[in-house]
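Protein chains in written order, with full-length UniProt numbering: chain X, 1 to 204; chain V, 1 to 204. Idealized CB from N, CA, C, for every residue including glycine. Presented below is the structure to which this report refers.
Protein chains: 2
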Amino acid sequence: MGISDRKEREKQEMKRLIIDAALRMFVEDGYEKTSIRNIADKIEYSPGTIYLYYKDKDELLYAVQKEAFSKMLETFQAEATSRSPWKRLEQIAYSYVNFGINHPDLYDLMFIIRAPMNTAEKKGDWENGDDCFKYLTDTIGDCMEKGLLRYTDPRVAALSIWSMGHGLVSLQVRCRFKVMQLADEQMSQMINLTIREFLRTIKA
Amino acid sequence: MGISDRKEREKQEMKRLIIDAALRMFVEDGYEKTSIRNIADKIEYSPGTIYLYYKDKDELLYAVQKEAFSKMLETFQAEATSRSPWKRLEQIAYSYVNFGINHPDLYDLMFIIRAPMNTAEKKGDWENGDDCFKYLTDTIGDCMEKGLLRYTDPRVAALSIWSMGHGLVSLQVRCRFKVMQLADEQMSQMINLTIREFLRTIKA
DNA sequence: TGGAATTACTGAACACTGTTCAGTATATTT
DNA sequence: AAATATACTGAACAGTGTTCAGTAATTCCA
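As C-alpha cells, this is what we get:
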C-alpha cells in the first residue's frame with residue numbers, strides 16, 4: 001500500500017520539521033523563549049498541529065533531547081579519537097565540559113531540565129543518553145583493562161568522572177561560581193585546571 | 001520617631017511572612033506549584049501586595065534562597081563539627097549531598113534554578129552562598145595547612161570537592177543516573193561509595 | 001466520476017502564569 | 001475635621017500549555 005507508506009513518511013517529516021525548528025530555537029533564542037506557539041509560528045502551522053505529532057511538550061522535549069545527545073556523540077566521535085584509552089578519556093572529559101559551556105541550552109535539555117525525564121519516566125526507561133554514556137564507559141573499560149585507572153569499580157569510575165564534569169559545567173552555566181569572585185577568564189582557566197588536576201589524581 | 005519605626009518593623013514582618021510562606025510551599029508542594037498567586041492565597045493577601053515588598057519574583061526567590069542557604073549552614077554546623085580538619089571535610093561532603101537529596105526543592109533554588117541569580121546579577125554580587133562556601137574553604141584551608149590534601153591550590157580543591165558533590169546531587173535529583181539502570185537503593189549506595197572513593201583519592 | 005468517509009489542520013477557548021495600576025479603604029498628619 | 005499619605009485590592013494584560021468543535025483537503029468506494 002503506497003499511500004499509507006507516504007502518509008507515514010510525511011508524518012515523520014513533520015516530526016522532523018518540528019524538532020529541527022525547536023532545536024534551532026533553543027540554540028538561537030534560548031530555551032526559555034521557545035514556546036509551543038513560537039515553534040508553531042516558525043514552521044507556519046497552528047499551535048494545535050504540534051499536538052497531533054507530540055502528545056505534550058514533555059514528549060517534544062524528549063525528542064529534541066535525543067537530537068542534542070546525538071550532537072554530543074558526534075562531538076565525542078570528532079574530538080575523542082585517540083587510540084590510547086587514557087588520552088581518549090582525557091579528550092572525552094574536555095570535550096564534555098566544552099560542549100556544555102558552548103551549548104548551554106542543549107546542555108540544559110540533556111542534563112538539567114526536568115521536563116524530558118517525565119516522558120522517560122512514563123516510557124519506563126531513558127535511552128537518549130545511552131550512546132554517549134557508552135562512549136564513556138567503554139573508554140573507562142579500556143583504561144581499567146590496562147590498569148590505567150585508580151578505580152576498582154568501573155561504575156564508581158563512571159559516576160565520578162561524569163559527576164565532576166557535570167558539576168563543573170552546571171555550576172558554571174548557572175552562575176554559582178560567582179561565589180568565588182573570579183573574573184570570567186580566570187574562572188575558565190580554573191575550571192580547566194581542575195579538570196587537569198582531577199585527571200591526574202585518578203590516573204594509576 | 002516611633003511610628004516610622006513601627007512601619008519599618010511591620011514591613012520587615014510582612015517580608016518575613018512572605019518568604020516563610022514561600023519556603024514552606026517549596027518544601028511541601030514543590031517549586032513548580034509555588035506561584036505568586038498561591039503564595040498570596042496562603043498568606044491571605046492579594047497577588048499585587050507581594051509586589052509592594054518584592055520588585056519581582058526573582059527578588060523574592062533571591063530572599064528565599066538566602067533562607068535556604070542559612071538552613072544549609074545550620075546543617076553544616078550541626079553535622080560537620082569534628083575537630084579534625086580532615087574528618088570535618090568528610091562530614092561536610094556527606095552533609096552537603098544528603099542535604100541536597102533530602103531537600104531537592106531547596107537545592108534547586110540554591111544551585112540549579114536561574115531566577116534568583118538574575119537578582120544577584122543586578123546587585124553586582126551574590127552573597128547568599130558566602131557563609132556555606134566559607135565553611136568549606138575554611139575547612140579546606142585547615143586541611144592544607146596540615147598537609148592533609150593532595151592539592152597545591154586551595155581554589156582548585158574547593159572547586160573539585162564542590163563540583164563532585166554538586167554533580168552527584170544534581171544528576172541524581174534530575175533523574176539522569178537512570179542511564180546506569182540501577183535500582184534506587186543500589187544507586188544511593190553507589191553515590192555514597194563514590195563520595196568515599198573521591199575523599200580517599202584526594203587525601204594526602 | 002461523484003458522493004461518502006477519513007484525515008489534517010485551525011484557532012478560539014480554558015486555566016494557568018508574572019506583572020501592572022487605577023481605585024479604595026485605612027492610617028497619619030495638619 | 002479635612003487633607004494627605006500609606007496599604008491593599010482585584011481586574012486587566014500578555015504570555016504559557018493544552019483541548020476540541022469546526023473546517024478544509026484528501027482518499028476511498030460504488
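Against Cys143 (chain X), what residues of chain V qualify as contacts under a CB-to-CB distance less than 8 Å, listed in chain order? For the purposes of this step, residue 143 (chain X) is identified with residue 143 of the first sequence, where counting begins at 1. Ordered by position in chain V, no residue passes the 8 Å Cβ test against Cys143 (chain X), which lies about 15 Å from the chain.
Chain V within 7 Å of Leu171 (chain X), Cβ atoms only: As a first step, residue 171 (chain X) is located in the first sequence; it is residue number 171 there, counting from the start. True, the Cβ-Cβ gap to chain V drops below 7 Å.
Let me know the secondary structure DSSP gives Lys203 (chain X) once reduced to three states. Here residue 203 (chain X) corresponds to residue number 203 of the first sequence, with the count starting at 1. Residue state, collapsed to three classes: strand.
If I measure Cβ to Cβ from Gly167 (chain X) and keep anything under 7 Å in the same chain, skipping five residues before and after, which residues do I get? Taking the first residue of the first sequence as position 1, residue 167 (chain X) is located at position 167. So no residue of the chain qualifies.
From this set, X:Arg16, X:Asp58 and X:Arg37, which residue's C-alpha is nearest Lys123 (chain X)'s C-alpha? Indexing the first sequence from 1 puts residue 123 (chain X) at position 123. For the residues X:Arg16, X:Asp58 and X:Arg37, the minimum Cα distance to Lys123 (chain X) belongs to X:Asp58.
Going straight from the alpha carbon of Arg83 (chain V) to that of Ala115 (chain X), what length do you get? Numbered from its first residue, the second sequence carries residue 83 (chain V) at position 83. Numbered from its first residue, the first sequence carries residue 115 (chain X) at position 115. The alpha-carbon atoms of Arg83 (chain V) and Ala115 (chain X) are separated by roughly 44 Å.
From Ala183 (chain X) to Ser35 (chain V), what does the alpha carbon distance come to, in whole angstroms? By 1-based counting over the first sequence, the position of residue 183 (chain X) is 183. By 1-based counting over the second sequence, the position of residue 35 (chain V) is 35. Computed Cα separation, rounded: 35 Å.
Quick check on Leu168 (chain X) - is its C-beta less than 7 Å from some C-beta in chain V? Here the question's residue 168 (chain X) lines up with position 168 in the first sequence. Yes, its Cβ sits closer than 7 Å to a Cβ of chain V.
Might you give, ordered along the chain, the residues of its own chain that have their beta carbon closer than 6 Å to the beta carbon of Leu23 (chain V), omitting 5 neighbours on each side? Taking the second sequence and counting its residues from 1, one reaches residue 23 (chain V) at position 23. So the qualifying residues of the chain are Val64 and Glu67.
Please check the pair Ser160 (chain X) and Phe198 (chain V), which I expect to be a contact at CB under 8 Å, by giving their CB distance rounded to whole angstroms. Numbered from its first residue, the first sequence carries residue 160 (chain X) at position 160. Numbered from its first residue, the second sequence carries residue 198 (chain V) at position 198. Correct: roughly 6 Å between the Cβ atoms.
Just grab the DSSP bridge partners of Leu149 (chain X) for me. By 1-based counting over the first sequence, the position of residue 149 (chain X) is 149. Paired residues: X:Lys203.
Rounding to the nearest angstrom, what Cα-Cα distance links residue 206 (chain V) and Ile113 (chain V) in this structure? Only positions 1 to 204 of chain V appear in this structure, which leaves residue 206 (chain V) out of reach.
At least one CB of chain X closer than 7 Å to the CB of Phe69 (chain V): is that the case? Here residue 69 (chain V) is taken as the residue at index 69 of the second sequence, counted from 1. Judged by the 7 Å Cβ criterion, Phe69 (chain V) is not in contact with chain X.
Take residue 205 (chain V) as the anchor and find which of V:Val27, V:Met25 and V:Leu17 has the nearest alpha-carbon. Nothing can be reported for residue 205 (chain V), as the shown portion of chain V is limited to 1 through 204.
If you measure beta-carbon to beta-carbon, which residues of the segment 131-160 of chain V are closer than 8 Å to chain X? Phe133, Arg150, Tyr151, Asp153, Arg155, Val156, Ala158, Leu159 and Ser160
Backbone CA spacing between Arg6 (chain X) and Glu44 (chain X) [nearest angstrom]: Residue 6 (chain X) sits at position 6 when you count from the first residue of the first sequence. Residue 44 (chain X) sits at position 44 when you count from the first residue of the first sequence. Spanning the two alpha carbons is a distance of roughly 22 Å.
Spatial neighbours of Phe69 (chain X) within its chain, please: C-beta separation below 8 Å, excluding the five flanking residues on both sides. By 1-based counting over the first sequence, the position of residue 69 (chain X) is 69. If we look at Phe69 (chain X) and ignore the five residues flanking it on each side, its Cβ neighbours are Met110, Asn128, Gly129, Asp131 and Cys132.
What residues from the segment 28-49 of chain X come within 7 Å of chain V, judged by C-beta to C-beta, listed N to C? none
Using a Cβ-Cβ cut-off of 8 Å (strictly less than) and excluding sequence neighbours within five positions of Leu171 (chain X), which residues of its own chain qualify? Indexing the first sequence from 1 puts residue 171 (chain X) at position 171. Excluding residues within five positions, the ones whose Cβ falls inside 8 Å are Phe177.
Please list the terminal residues of the continuous alpha helix (DSSP H) segment that includes Phe69 (chain V). Counting from 1 along the second sequence, the entry for residue 69 (chain V) is found at position 69. Lys57 to Glu79 is the span of the alpha helix (DSSP H), which, as asked, contains Phe69 (chain V).
Please list, in chain order, the chain V residues whose beta carbon lies closer than 9 Å to that of Arg174 (chain X). For the purposes of this step, residue 174 (chain X) is taken as the residue at position 174 of the first sequence. Chain V residues near Arg174 (chain X): Phe111, Ile112, Ile113, Arg114 and Met117.
Chain-ordered chain X contacts of Arg97 (chain V) [CB-CB under 9 Å]: Counting from 1 along the second sequence, the entry for residue 97 (chain V) is found at position 97. Residue identity check: residue 97 (chain V) is Val in the sequence provided, not Arg. What Val97 (chain V) touches in chain X: nothing, since even the nearest Cβ is about 10 Å away.
Tell me whether the beta-carbon of Thr137 (chain X) lies closer than 7 Å to the beta-carbon of Arg88 (chain X). Mapped onto the first sequence, residue 137 (chain X) falls at position 137. Mapped onto the first sequence, residue 88 (chain X) falls at position 88. No, the pair does not count as a contact, with Cβ atoms beyond the cut-off.
Can you tell which of X:Val97, X:Gly48 and X:Leu60 has the C-alpha that lies nearest to the C-alpha of Met72 (chain X)? On the first sequence, residue 72 (chain X) is found 72 positions in, with the first residue counted as 1. When only C-alpha atoms are compared, the closest one is X:Val97.
Is Thr201 (chain X) close to chain V, meaning its C-beta is less than 7 Å from at least one C-beta of that chain? As a working note, residue 201 (chain X) is residue 201 in the first sequence. It does; some Cβ of chain V falls within 7 Å.
Would you say Trp126 (chain V) faces chain X, with C-beta separation under 7 Å as the test? If you number the second sequence from 1, residue 126 (chain V) lands on position 126. Yes, Trp126 (chain V) counts as interfacial toward chain X.
Between the alpha carbons of Gly100 (chain V) and Cys175 (chain V), how many angstroms are there, rounded? Here residue 100 (chain V) refers to the residue found at position 100 when the second sequence is read from its first residue. Here residue 175 (chain V) refers to the residue found at position 175 when the second sequence is read from its first residue. Computed Cα separation, rounded: 14 Å.
Relative to the alpha-carbon of residue 266 (chain X), which residue among X:Ile92, X:Ala120 and X:Val173 has its alpha-carbon at the smallest distance? One cannot answer for residue 266 (chain X) here, as it falls past the ends of chain X, which runs 1 to 204.
When the Cα atoms are used, what is the spatial distance from Ala21 (chain X) to His103 (chain X)? By one-based count along the first sequence, residue 21 (chain X) stands at place 21. By one-based count along the first sequence, residue 103 (chain X) stands at place 103. If you take the alpha carbons of Ala21 (chain X) and His103 (chain X), they lie about 16 Å apart.
With H, G and I counted as helix, E and B as strand and the rest as coil, what does DSSP make of Tyr31 (chain X)? Here residue 31 (chain X) is taken as the residue at index 31 of the first sequence, counted from 1. Here Tyr31 (chain X) sits in coil by DSSP.
First and last residue of the uninterrupted alpha helix (DSSP H) at Ala158 (chain X): By one-based count along the first sequence, residue 158 (chain X) stands at place 158. Start and end: Pro154 to Val173.
In chain order, what residues of the same chain have a beta carbon less than 7 Å from the beta carbon of Gly147 (chain X), not counting five sequence neighbours either side? Against the first sequence, residue 147 (chain X) aligns to sequence position 147. Only Ala204 meet the Cβ criterion.
Here's the rule: buried if 16 or more other CB atoms are within 10 angstroms of the residue's CB, otherwise exposed. What is Ser4 (chain X)? Here the question's residue 4 (chain X) lines up with position 4 in the first sequence. Exposed, by the Cβ-count rule.
Backbone secondary structure at Asn98 (chain V) - three-state DSSP: The count along the second sequence starts at 1 and reaches residue 98 (chain V) at position 98. Of the three classes helix, strand and coil, the one that applies to Asn98 (chain V) here is helix, per DSSP.
Tyr31 (chain X) and Asp105 (chain X) closer than 7 Å at C-beta: Within the first sequence, numbered from 1, the residue matching residue 31 (chain X) stands at position 31. Within the first sequence, numbered from 1, the residue matching residue 105 (chain X) stands at position 105. It is a contact, given that the beta carbons lie within the stated cut-off.
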